[in-house]
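Peer 1: Okay, handing you the structure first.
There are 2 protein chains.
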Amino acid sequence: MQLSERKIKILQAIIRNYLETGEPVGSRTISKYTDLNLSSATIRNEMSDLEEMGYILQPHTSAGRIPSDQGYRLYVDTMMEEKDRELEELKEMMLEKEDKMDHLLKQVAKLLAVNTNYASMISAPMIHTNKIKFIQLSRVDVNQLLAVVVVEGNVIKNNIIQTLETLDDETLLKLNILLNTHLNGLALEEINLGMISAMKQQAGIHSAIVGDVIDAIAESIKAEEDLEIYTSGANNIFKYPELADQQKASEIINTFEEKQLLTELVQDTLADEKNTGIQVYIGNETPIQAMKDCSVVTATYELGEGMRGTIGIIGPKRMDYDKVIGTLKTITHQLDELYKNKT
Amino acid sequence: MQLSERKIKILQAIIRNYLETGEPVGSRTISKYTDLNLSSATIRNEMSDLEEMGYILQPHTSAGRIPSDQGYRLYVDTMMEEKDRELEELKEMMLEKEDKMDHLLKQVAKLLAVNTNYASMISAPMIHTNKIKFIQLSRVDVNQLLAVVVVEGNVIKNNIIQTLETLDDETLLKLNILLNTHLNGLALEEINLGMISAMKQQAGIHSAIVGDVIDAIAESIKAEEDLEIYTSGANNIFKYPELADQQKASEIINTFEEKQLLTELVQDTLADEKNTGIQVYIGNETPIQAMKDCSVVTATYELGEGMRGTIGIIGPKRMDYDKVIGTLKTITHQLDELYKNKT
DNA sequence: TGTTAGCACTCGTCTCATTGGAGTGCTAAC
DNA sequence: GTTAGCACTCCAATGAGACGAGTGCTAACA
């Protein structure tokens with residue numbers, strides 16, 4: 001069967017109505033709601049077709065219809081009217097000097113949650129390049145060295161190294177020069193054993209330290225791998241009765257608390273290269289089992305230089321897709337701008 | 001009325017029973033439960049007294065009794081049999097090299113939650129002294145300086161400073177020496193305008209930088225003030241029907257998500273100096289409104305040098321106080337040990 | 001005087017039947 | 001192809017009745 005013009009209009013009306021109310025919607029409601037003047041009986045016939053085609057379903061025999069996952073999917077793919085959103089707060093927020101990345105991300109997460117009334121998450125940008133920009137070794141105590149590594153994108157990593165011997169200023173200076181001349185501009189993977197042994201040789205009696213420092217650097221950079229995720233508004237799910245029952249709520253809350261469980265979502269979003277930047281997971285389409293009764297909308301943001309992160313909104317299936325997608329587009333766009341203005 | 005020996009035993013039995021079951025407990029149950037061989041009728045009379053005295057209450061006329069806040073309070077203050085707990089996992093966890101404070105804290109929070117089946121929180125230690133131990137200024141880019149500040153307790157802070165002029169190595173070295181000789185060993189509050197202007201004078205044409213650096217340092221150290229709190233196991237509350245209803249769950253979850261709301265709890269715990277280290281807030285005793293239907297048990301841990309933080313367990317009023325307090329004592333003790341072994 | 005048995009009473013919970021209404025599907029007429 | 005009408009379904013809300021856990025009180029007992 002083909003989806004006639006009229007069927008589409010009716011489906012659209014059903015979904016819109018259901019998004020608003022969360023109640024199954026009946027034929028009479030639609031016959032009043034739409035501009036095509038049809039009686040409820042006609043609508044009923046069409047609805048019967050739509051159900052057969054899998055776009056809507058009945059919770060029980062004598063109830064109205066609700067959209068199926070397939071129905072939502074069609075809606076999102078073809079029928080949405082994306083609402084552009086002005087997020088003044090965001091602009092203001094970004095105008096304030098927000099140096100600390102984690103603060104900014106937390107703020108964005110919160111802003112999203114408050115603005116949409118859904119739950120939100122944001123992952124810190126993954127640094128793909130991880131090129132070392134600068135290394136600094138300093139003595140903070142008789143047998144403690146502080147290693148500071150700055151990588152591309154001004155991400156700073158610290159590590160304290162315990163040493164057996166006490167290094168004097170001159171040696172320290174030499175080591176610093178040695179490290180910087182050899183390692184600057186390199187990514188972690190580019191550092192090979194040959195280089196290390198060359199450096200050790202040059203370091204002479206302090207060769208042990210060189211090894212420790214490189215270990216410390218490797219550790220600092222690698223630590224980034226378990227990527228940081230910030231969330232907000234998890235308790236918004238209680239606003240939607242279909243998610244608020246104990247079983248579901250508990251699972252969702254748990255996922256939000258064990259943020260690492262959200263990693264899959266981030267991976268999945270980032271993996272999809274060809275995409276316009278926005279992805280919508282409806283119900284079972286989600287990679288996270290706990291969210292099979294939700295819809296998840298994710299977007300990729302980019303802070304130049306291959307630093308990419310993910311923003312996501314998690315809500316009920318009857319989420320206001322138009323608004324959410326509009327909001328996410330605005331946010332990612334603003335994050336781009338932010339980066340441009342910073343550099 | 002006096003609390004006779006027998007009344008105490010009965011009250012204890014009521015509370016113990018209620019802690020297990022979560023159901024109001026009746027006179028017949030107690031008459032079988034206790035070793036004092038009394039009929040249910042006698043128990044009833046005693047229970048009537050206990051109710052009048054405010055230690056127990058009836059949810060409705062023909063139901064059994066449940067402990068009141070006052071009853072729990074008496075129990076915690078005088079009748080508990082603290083269970084000592086061996087936490088092998090904790091020891092193992094701490095044996096592994098856990099350099100990163102935040103990782104350790106997250107782990108501890110999780111361990112607590114899993115172990116007790118309640119929700120847990122832990123605040124990062126507040127650094128009271130905040131004495132500057134070491135300052136390092138480095139050039140990472142033509143017009144970018146990296147300021148690293150290490151404060152007492154090896155807490156490291158970074159800040160990137162934009163400069164108008166490009167500083168050469170020699171100037172940078174001079175500035176470093178200038179900053180370290182003037183500021184090392186001082187707390188933020190001890191830096192006064194006199195010192196700053198003295199330093200600026202010595203810095204000559206680079207005096208502007210000195211101001212910027214001091215601002216950056218102040219900012220880094222102050223940032224510590226909105227203290228970090230880690231939580232775990234919030235969704236454990238769903239295991240206790242009396243907390244699992246939407247209204248309450250939502251409030252509690254929200255508090256856990258907006259971690260700053262837990263600050264009050266931390267403040268309150270740390271403020272109470274005279275205490276043995278463990279504090280119990282039963283129901284309305286809590287400083288956090290959202291937790292008025294919970295009990296909260298907090299402990300202070302100390303990592304030497306005035307670095308103190310708070311650990312807390314949040315659960316239903318019928319929490320297993322004996323176990324929780326035992327666990328918290330073990331944990332704080334282990335954290336102490338950890339610190340000793342590190343230094 | 002403290003303890004106990006017995007009994008009437010209360011009140012929440014469970015079950016079951018009833019009702020009302022929203023909504024459908026089908027049929028026949030337009 | 002559209003619509004009115006009607007029988008039918010099924011959920012949700014309501015209320016009556018039975019049940020039982022538990023109490024308070026009284027009177028009797030050691």
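If you read the sequences in order, they're chains F and A. Each residue of the first sequence is one higher than the one before, starting from 1 at the first, in our numbering. Each residue of the second sequence is one higher than the one before, starting from 1 at the first, in our numbering. Every residue, glycine too, gets a C-beta built ideally from N, C-alpha and C.
Taking VAL140(A) as the reference, which of THR298(A), PHE134(A), ASP169(A), ALA249(A) has the closest Cα?
Peer 2: The option with the nearest alpha carbon to VAL140(A) is ASP169(A).
Peer 1: If the criterion is Cβ atoms closer than 9 Å, does the pair ALA249(F) and ALA249(A) meet it?
Peer 2: Yes, Cβ-Cβ distance for ALA249(F) and ALA249(A) is below 9 Å.
Peer 1: Give a yes or no on whether the C-beta atoms belonging to MET47(A) and ILE14(A) are separated by under 9 Å.
Peer 2: Yes, the Cβ-Cβ distance between MET47(A) and ILE14(A) is below 9 Å.
Peer 1: Which residue's Cα is closest to the Cα of ILE209(A): PRO241(A), LEU227(A), LEU137(A), THR231(A)?
Peer 2: Closest option to ILE209(A), Cα to Cα, is LEU137(A).
Peer 1: DSSP three-state call for LEU87(A): helix, strand or coil?
Peer 2: Residue state, collapsed to three classes: coil.
Peer 1: Could you tell me which residues DSSP puts in a beta bridge with GLY309(F)?
Peer 2: BP columns for GLY309(F) point to TYR301(F).
Peer 1: Span of the beta strand (DSSP E) holding SER120(F)?
Peer 2: 119-123 is the extent of the beta strand (DSSP E) around SER120(F).
Peer 1: By how many angstroms is the C-alpha of GLU23(A) removed from the C-alpha of GLY71(A)?
Peer 2: Cα to Cα, the separation comes out at about 16 Å.
Peer 1: State whether the stretch 232-251 of chain F contacts the stretch 176-195 of chain F, with contact taken as three or more CB pairs (one from each stretch) at a distance under 8 Å.
Peer 2: Cβ pair count under 8 Å is below three, so no.
Peer 1: In the DSSP output, which residue or residues are listed as bridge partners for PRO24(F)?
Peer 2: According to DSSP, PRO24(F) bridges with nothing at all.
Peer 1: When you compare only the Cα positions, how much space is there between THR34(A) and ASP322(A)?
Peer 2: If you take the alpha carbons of THR34(A) and ASP322(A), they lie about 19 Å apart.
Peer 1: Helix, strand or coil, according to DSSP, for ALA109(F) in the structure here?
Peer 2: Of the three classes helix, strand and coil, the one that applies to ALA109(F) here is helix, per DSSP.
Peer 1: Closer than 9 Å, CB to CB, is THR327(F) near chain A or not?
Peer 2: By this cut-off, THR327(F) is not an interface position.
Peer 1: Of all the options ASN37(F), ASP77(F), SER27(F), which has the alpha carbon lying nearest to the alpha carbon of GLY64(F)?
Peer 2: The option with the nearest alpha carbon to GLY64(F) is SER27(F).
Peer 1: Which residues, taken in chain order from the stretch 114-135 of chain A, show a beta carbon closer than 8 Å to some beta carbon of chain F?
Peer 2: Within the stretch 114-135 of chain A, the qualifying residues are LYS133, PHE134.
Peer 1: Going by C-alpha to C-alpha distance, which of LYS7(A), GLU302(A), THR171(A), ALA124(A) sits closest to LYS340(A)?
Peer 2: For LYS340(A), the nearest C-alpha among the options comes from GLU302(A).
Peer 1: How long is the line joining the alpha carbons of LEU111(F) and GLU228(F), rounded to whole angstroms?
Peer 2: Approximately 18 Å between the Cα atoms of the pair.
Peer 1: Thinking C-alpha only, which one of VAL213(F), THR171(F), HIS60(F) is nearest ILE135(F)?
Peer 2: For ILE135(F), the nearest C-alpha among the options comes from VAL213(F).
Peer 1: Please state if the CB of PRO287(F) and the CB of ASP272(F) are separated by a distance shorter than 9 Å.
Peer 2: Going by C-beta atoms, ASP272(F) is not nearer than 9 Å to PRO287(F).
Peer 1: On the CB-based measure, 16 or more other CB atoms within 10 Å of its CB, does LEU164(A) come out buried or exposed?
Peer 2: That one is exposed.
Peer 1: Have a look at ASN117(F), LYS174(F), VAL108(F) and flag the residue whose alpha-carbon is nearest the alpha-carbon of ILE311(F).
Peer 2: Answer by Cα proximity: VAL108(F).
Peer 1: ASN159(A) and LEU146(A): beta carbons closer than 9 Å?
Peer 2: Yes, the Cβ-Cβ distance between ASN159(A) and LEU146(A) is below 9 Å.
Peer 1: At a CB-CB cut-off below 9 Å, which residues of chain F make contact with VAL148(A)?
Peer 2: The answer, in chain order, is GLN136, SER138, LEU146, VAL148, ILE156, ASN158.
Peer 1: Taking C-beta pairs closer than 7 Å, name the residues in chain A that GLN246(F) reaches, listed in chain order.
Peer 2: What GLN246(F) touches in chain A: PHE238, ALA244.
Peer 1: Can ILE278(F) and ILE205(F) be called in contact, C-beta distance under 9 Å?
Peer 2: Cβ atoms of ILE278(F) and ILE205(F): not closer than 9 Å.
Peer 1: Between GLU242(F) and PRO316(F), which are expected to be in contact by the criterion C-beta below 8 Å, what is the C-beta distance as a whole number of angstroms?
Peer 2: At roughly 6 Å, the Cβ-Cβ gap stays under 8 Å, so GLU242(F) and PRO316(F) are in contact.
Peer 1: Is ALA216(A) near ILE132(A), with beta carbons less than 9 Å apart?
Peer 2: No; because the gap between Cβ atoms is not below 9 Å, this pair is not in contact.
Peer 1: Please tell me whether THR171(F) has its Cβ less than 9 Å away from any Cβ of chain A.
Peer 2: Not one chain A Cβ lies under 9 Å of THR171(F).
Peer 1: So GLY211(F) packs on ASP69(F), CB below 8 Å; how close in whole Å?
Peer 2: About 55 Å separates the two Cβ atoms, so there is no contact after all.
Peer 1: Quick one: give me the first and last residue of the alpha helix (DSSP H) that ALA203(F) is part of.
Peer 2: From DSSP, the alpha helix (DSSP H) with ALA203(F) extends over 193-203.
Peer 1: Report the option in ARG318(A), PRO59(A), THR332(A) whose CA atom is closest to the CA atom of GLN12(A).
Peer 2: Minimum Cα distance to GLN12(A) is reached at ARG318(A).
Peer 1: Under 8 Å Cβ to Cβ from GLU51(A), same chain only, skipping five residues before and after it: list those, please.
Peer 2: The residues are LEU57, GLN58, ARG65.
Peer 1: So with CB distances below 9 Å, who are the chain A contacts of SER48(F)?
Peer 2: Those do not exist, as SER48(F) stays about 36 Å from chain A at its closest Cβ, beyond 9 Å.
Peer 1: Under a three-way DSSP split, which group does THR255(A) fall into?
Peer 2: Correct three-state label for THR255(A): helix.
Peer 1: By the criterion of Cβ-Cβ separation under 7 Å, what are the contact partners of ASN254(F) in chain A?
Peer 2: Going along chain A in sequence order, the residues near ASN254(F) (Cβ under 7 Å) are ASN235.
Peer 1: How many angstroms separate the CA atom of MET291(A) from the CA atom of THR166(A)?
Peer 2: C-alpha separation (whole angstroms): 55 Å.
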